[in-house]
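**Q**
Residue numbers (full-length UniProt numbering): 1 to 145.
Written out as structure tokens, the structure reads:
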């Protein structure tokens, strides 16, 4: 019999495969034999990744006591796990860009990025990227928390 814990591991495998599909999608543009393959649809991995991640959030929190205290505790724990690494890399990018962008713009872009506000309107799916472009997915995650 498969336990719930094993089911979560299987779902994590799906999430990993979705992430790999996105990675291969991005690299398929540069490797000509891959250019015309199924990997060109790897962007769908983003949707799958979001669905699986949302399901895992529900699975891992469904037994929490209802109320704002449980919600706040979840948000704090999640933030402690994600924000320090994201902030460190974002600040690293800001230091790198300090040589190529006007200081006032860069400070504003960095601050907006650190609080998960897109830098511009942009198009789907990101609707504006943060300074660390891959962080656009975190904008969604923190918006829906």
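Ideal Cβ placement from N, Cα and C applies to all residues, glycine included.
Using 8 angstroms as the threshold, is the segment 127–145 in touch with the segment 82–101, meaning 3 or more CB pairs across them?
**A** Contact holds: three or more Cβ-Cβ distances are below 8 angstroms.
**Q** Pull up the distance between the alpha-carbon of residue 8 and that of residue 105, whole angstroms please.
**A** Against the chain shown, residue 8 aligns to sequence position 8. Against the chain shown, residue 105 aligns to sequence position 105. Their Cα atoms are separated by approximately 43 angstroms.
**Q** Going by CA-CA distance only, name the one from 85, 49, 95 that's closest to residue 140.
**A** In the chain shown, the residue the question calls residue 140 occupies position 140. Among 85, 49, 95, the Cα nearest to that of residue 140 belongs to 49.
**Q** Cβ of residue 95 within 8 angstroms of Cβ of residue 113?
**A** As a working note, residue 95 is residue 95 in the chain shown. As a working note, residue 113 is residue 113 in the chain shown. Cβ distance not < 8 angstroms, so residue 95 and residue 113 don't count as in contact.
**Q** Where does residue 49 fall in DSSP's three states?
**A** As a first step, residue 49 must be located in the chain shown, where it is residue number 49. The answer is helix: DSSP assigns residue 49 an H, G or I state.
**Q** Label residue 16 either buried or exposed according to how many other C-beta atoms from any shown protein chain fall within 10 Å of its C-beta, with 16 as the threshold for buried.
**A** What you label residue 16 is simply residue 16 of the chain shown in a count that begins at 1. Result: exposed.
**Q** Could you tell me how far apart the beta carbons of residue 45 and residue 85 are, in whole angstroms, since I believe they sit closer than 8 angstroms?
**A** Counting from 1 along the chain shown, the entry for residue 45 is found at position 45. Counting from 1 along the chain shown, the entry for residue 85 is found at position 85. Contact doesn't hold; Cβ gap of about 22 angstroms is too wide.
**Q** Alpha carbon to alpha carbon, how far is residue 61 from residue 76? Give it in angstroms, no decimals.
**A** The residue given as residue 76 occupies position 76 in the chain shown. The residue given as residue 61 occupies position 61 in the chain shown. About 14 angstroms.
**Q** At the level of alpha carbons, what is the spacing between residue 78 and residue 117?
**A** In the chain shown, counting from the first residue as 1, residue 78 sits at position 78. In the chain shown, counting from the first residue as 1, residue 117 sits at position 117. C-alpha separation (whole angstroms): 18 angstroms.
**Q** How would you call residue 110, buried or exposed, if buried means at least 16 neighbouring beta carbons within 10 angstroms?
**A** Sequence index remark: in the chain shown, residue 110 carries index 110 (1-based). Buried, by the Cβ-count rule.
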